[in-house]
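K.L.:
The following block contains the structure, expressed as structure tokens.
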Amino acid sequence: MKMRIFLSLISIFLLFGCTTASLDTKSENLRKEEDISSKLSDTSWKLTEISGEKVNIPNTDSGKAFITINFTAEGIHGISAVNNYFSSYTVKENIISFGVIASTKMAGSPEMMDLEIKYFGILEKSEKFEMPDDNTLILKSGNEFLKFKKI
């Protein structure tokens, strides 16, 4: 009888110990995901490279043009050389995905429109991201990538 009680108590302690360890691991993983999400939330970035090629955007009549992405808690928005755009996004660890990208439909020079199409194509298909330092963001889609500098 004493042995049964003893084994029952040991089983209860082991079960409780495993549950606590599991909760600690889940809590730690959640904190890591929140840390990664918070690194992006409320940040603004300027595109510097597309798949290793420097982005050189000519000046326009209204001044210097550029491509940006801004992350908020609600989604992303930015300037894509010619048009403004917005979308939703989700992040889990280093995995990122974007919803359908909506944009204004203004026309620009053929060169600027080609750049915008290329940018949107890679952005929409981005699957992973890296932040090698606090001032650099890389969005990856297969072998293609978008590299940004924090602004």
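Position one of the sequence shown corresponds to residue 1261 (the numbering used here), numbered consecutively onward. For glycine and all other residues, C-beta sits at the position ideal for the given N, C-alpha and C.
Would you tell me roughly how many angstroms separate the C-alpha atoms of Glu1226 and Ser1348, rounded to the nearest one?
P.N.:
Lying outside 1261 to 1411, the shown extent of the chain, residue 1226 is not represented and no answer is given.
K.L.:
Short check: CB of Asn1343 to CB of Ser1363, under 7 Å?
P.N.:
Translated into positions along the sequence shown, residue 1343 becomes position 83. Translated into positions along the sequence shown, residue 1363 becomes position 103. A contact, by the Cβ cut-off of 7 Å.
K.L.:
So which of Leu1406, Ile1382, Phe1380, Gly1381 has the shortest CA-CA distance to Glu1390?
P.N.:
In the sequence shown, the residue the question calls residue 1390 occupies position 130. The residue with the shortest Cα to Cα distance from Glu1390 is Leu1406.
K.L.:
How is Pro1392 classed by DSSP in three states: helix, strand or coil?
P.N.:
The residue you call residue 1392 lines up with position 132 of the sequence shown. Residue state, collapsed to three classes: strand.
K.L.:
Can you tell me the Cα-Cα spacing of Thr1328 and Ile1356, whole angstroms?
P.N.:
As a position in the sequence shown, residue 1328 is number 68, starting the count at 1. As a position in the sequence shown, residue 1356 is number 96, starting the count at 1. Those two C-alpha atoms are separated by around 17 Å.
K.L.:
Can you tell which of Ile1382, Met1372, Glu1313 has its C-alpha closest to the C-alpha of Phe1326?
P.N.:
Sequence index remark: in the sequence shown, residue 1326 carries index 66 (1-based). When each option's Cα is compared against that of Phe1326, the closest is Met1372.
K.L.:
With a Cβ-Cβ cutoff of 7 Å, do Phe1331 and Leu1300 count as a contact?
P.N.:
In the sequence shown, residue 1331 corresponds to position 71, counting from 1. In the sequence shown, residue 1300 corresponds to position 40, counting from 1. Yes. Within cutoff.
K.L.:
Can you say whether Gly1402 is buried or exposed, counting buried as having 16 or more other CB atoms within 10 angstroms of its CB?
P.N.:
On the sequence shown, residue 1402 is found 142 positions in, with the first residue counted as 1. Answer is exposed; the Cβ neighbour count stays below 16.
K.L.:
Between which two residues does the alpha helix (DSSP H) containing Phe1380 stretch?
P.N.:
Along the sequence shown, one-based indexing puts residue 1380 at 120. 1370-1385 is the extent of the alpha helix (DSSP H) around Phe1380.
K.L.:
Using the C-alpha atoms, what's the distance from Gly1368 back to Thr1303?
P.N.:
Taking the sequence shown and counting its residues from 1, one reaches residue 1303 at position 43. Taking the sequence shown and counting its residues from 1, one reaches residue 1368 at position 108. Taking the straight line joining both Cα atoms gives about 27 Å.
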